[in-house]
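Novice:
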Amino acid sequence: MALELSDIQTSYQHVLVGVDESEQGQVALASGVHQALEDQAKLTIATVLELGELSTTDVLSLAAVNKRREDLEKNLQTYKNFAIAQGVTNVETVLADGAKAGEVLAMELAPETKADLLIVGAHSKQGMWPSLGSQAVYIARHAKISSMIARR
1 MALELSDIQT SYQHVLVGVD ESEQGQVALA SGVHQALEDQ AKLTIATVLE LGELSTTDVL
61 SLAAVNKRRE DLEKNLQTYK NFAIAQGVTN VETVLADGAK AGEVLAMELA PETKADLLIV
121 GAHSKQGMWP SLGSQAVYIA RHAKISSMIA RR
């Protein structure tokens, strides 16, 4: 049976990029912006507040959780402004809560946003997702859409 190349998707309509505050998160963002520009696609920039990253004392303090959420919202606005400055015209941001960022991105946000490409950084030694390497593996194995692991 011959492969019909005309049936293969060659561009994306909606890019979902998972970011954190690490260098790899910035690499993922840059890759997402590039892909959105290349395909004239919608770009959704998402970050996940993992309550497991906060100390037990902070989790019990609503003020600490709200402060962290506020900081993440500011970061998302900065990332959105960057994407717009690069020429992306359709940009949204999402702040989600969850236990594992990879699972939230792949199993919740990707279907909710109707994204057809999910981009994350290869790993994070600091920032929100210290175990993003394992989260990236989770995404590559379980996402129902195309995924890209961006690396510097």
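Residue numbering for the sequence shown follows UniProt numbering, beginning at 1 and increasing consecutively.
Beta carbons: idealized from backbone N, C-alpha and C, even for Gly.
Which first and last residues belong to the beta strand (DSSP E) in which Lys80 is found?
Specialist: Element bounds for Lys80: not the beta strand (DSSP E) but the alpha helix (DSSP H), Leu62 to Gln86.
Novice: Ser31 lies in the alpha helix (DSSP H); which residues open and close that run?
Specialist: Start and end: Glu23 to Asp39.
Novice: Using 10 angstroms around the beta-carbon of Asp97, count the other beta-carbons present and answer buried if the total reaches 16, otherwise exposed.
Specialist: That one is exposed.
Novice: My understanding is that Gln77 touches Lys42, with C-beta atoms under 8 Å, so please give their C-beta distance in whole angstroms.
Specialist: Gln77 to Lys42, Cβ: 18 Å. No contact.
Novice: Going by alpha carbons, who is nearest to Arg152 out of Val27, Ser6 and Ser22?
Specialist: Considering only alpha carbons, the answer is Val27.
Novice: Along the alpha helix (DSSP H) that carries Glu112, what are the first and last residues, could you check?
Specialist: Looking at the DSSP string, the run of the alpha helix (DSSP H) that includes Glu112 is Ala110 to Thr113.
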